[in-house]
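**Q** One structure, as C-alpha cells, below. Some questions next.
Residue numbers (this note's numbering): 1 to 159.
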C-alpha cells in the first residue's frame, strides 16, 4: 500500500477494532457467527455486517476467510516480491488484489517494495498469474520464492 494513504486505523472506532480482532483470533464457529459477534460487541448482527461492509469498501479488509495449510489440501503457494516505482504502486496493487489466489500483500521499505502471496491448485496456475500480472502492469521484476520449509506464524494484527 502506498505510504501516502491516510491511516485507516483512524477511520475505525473501538467497536470496529473489537470486531476485527474477534474475526482474526476468535471467530465464532456458529450457524450465525455475525450475530454472535454482535452479541459480544453489544450491537446487532445487521450493524456488524454493515460495519464490515464499510471496512471492506474503504480497503481495510479484502475478505474474510479461513487460513488453510495449502499443501495438505493439494495446493501450492509462493511468496512474490516486486520492484514497483512509487508512481505505479496503486495500479500494481489493484491488479495484484484482483486475483482471488492472492491471500495478502504488503509494502516494504526495500528495493523490492511490494510483497504478496499466491495460493493455487498447481504450479502452472502460479506461473500463469505472475505472467498475467507482469503483462497487465508492465512490471516484470517480480521474484517468485516458493517455500522450501514452512514455519507456523500467527499473522494477527492487534487493533
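All residues carry an ideal CB built from backbone N, CA and C; glycine is no exception. From a predicted model like this one, the values you see are computed outputs, not experimental measurements.
Just tell me which of 89, 15 and 68 has its CA closest to the CA of residue 114.
**A** 89
**Q** How about the region 124 to 141 and the region 59 to 68: do they share at least three Cβ pairs that are nearer than 8 angstroms?
**A** no
**Q** At the level of alpha carbons, what is the spacing between residue 11 and residue 79?
**A** 30 angstroms
**Q** Specify, as a first and last residue, the run of the alpha helix (DSSP H) that residue 67 falls within.
**A** No alpha helix (DSSP H) holds residue 67; DSSP gives it neither H nor E.
**Q** Answer yes or no: do residue 142 and residue 133 have a C-beta to C-beta separation smaller than 8 angstroms?
**A** Yes, the Cβ-Cβ distance between residue 142 and residue 133 is below 8 angstroms.
**Q** Leaving out five residues on either side along the sequence, give the residues of the same chain with a beta carbon under 6 angstroms from the beta carbon of residue 44.
**A** 38
**Q** Out of 76, 137 and 144, point me to the one whose CA is closest to residue 120's CA.
**A** 76
**Q** What does the alpha-carbon distance come out to for the pair residue 100 and residue 136?
**A** Their backbone Cα atoms lie some 16 angstroms apart in a straight line.
**Q** Does residue 144 come out as helix, strand or coil in the three-state DSSP assignment?
**A** strand
**Q** Which residues does DSSP pair with residue 119 in a beta bridge?
**A** 77
**Q** Pick helix, strand or coil for residue 108, following the three-state DSSP scheme.
**A** coil
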